[in-house]
Amino acid sequence: MIKLRKRQIKPTVSLIDLAPMTDMVFQVLLFFIISSSFVVEPGIKVNLPKSQTSELQVQQKLIITVDKSQQIFVGNKVVPIEQLEERIKFLLPYYQDKMVVIRADETVPHGLVVKIMDISKTAGAQKLAIATEKKE
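Residue 22 is where the sequence shown starts when you use the numbering used here, and the numbers rise one by one after that.
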């Protein structure tokens with residue numbers, strides 16, 4: 022009878038190269054970091070009143086800020102209330118929505134905010150909004 026020899030199979034160690042996968046994960050992470058949009062608020066510090074229905078405002082609107090010392094800012098420039106209508110009339114055509122967002126400190130008198138709203142409407146604003154912070 023013929024003796025059959027069993028072939029000895031050497032166990033092979035298979036390694037998976039993780040370098041390409043690491044590169045892909047890094048590229049996907051980099052893509053999300055670069056493509057994500059960051060909302061940056063204008064640089065004037067105000068304490069906005071709290072609201073449960075607050076939403077982030079897109080920067081495509083003309084933003085008027087009133088700080089606690091009742092200084093009025095259009096963009097980052099201080100504008101006296103006497104020149105506010107003229108400034109709004111000049112800037113409003115550059116904004117598609119013709120929307121004015123008023124960011125007033127919570128300590129600013131209500132009357133001043135209403136006066137700014139009136140001036141904005143007179144200057145041609147089609148929409149008005151008051152910025153608030155979401156209650157936590």
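Beta carbons are placed, not taken as given, at the ideal position from N, Cα and C, and that holds for glycine.
Per-residue DSSP class, three states only, for residue i
i: I137; result: helix
i: K31; result: coil
i: K142; result: helix
i: L36; result: coil
i: Y116; result: coil
i: P130; result: coil
i: Q81; result: coil
i: L50; result: helix
i: S56; result: helix
Beta-bridge partners of residue i, as assigned by DSSP
i: R108; result: Its beta-bridge partners do not exist; DSSP assigns none.
i: E103; result: In DSSP, E103 forms no bridge with anything.
i: K86; result: Looking at the sequence shown, residue 86 is not Lys but Thr. Answer by DSSP bridge pairing, in chain order: F94 and R124.
i: A150; result: V122
i: K71; result: E154
Residue i to residue j span [Cα, whole Å]
i: T143; j: E106; result: 7 Å
i: N97; j: S90; result: 15 Å
i: F47; j: V34; result: 28 Å
i: F52; j: A40; result: 18 Å
i: A152; j: E103; result: 23 Å
i: V49; j: M138; result: 46 Å
i: L36; j: T43; result: 15 Å
i: I85; j: S57; result: 26 Å
i: H131; j: M45; result: 55 Å
Same chain, Cβ closer than 7 Å to residue i, five either side skipped, listed in chain order
i: Q81; result: Y116, Q117 and D118
i: R108; result: V95 and V100
Cβ shell of residue i (< 6 Å), same chain only, five flanking positions each side left out
i: V122; result: Q78, K82, I84, A150 and A152
i: Q147; result: K119
i: A7; result: Since the first residue shown for the chain is 22 and the last is 157, residue 7 is missing from the structure and cannot be characterised.
Spatial neighbours of residue i in its chain, beta-carbon cut-off 8 Å, leaving aside the 5 residues before and after
i: R28; result: none
i: I93; result: I85, T86, V87, V99, V100, P101, I102, L105 and I137
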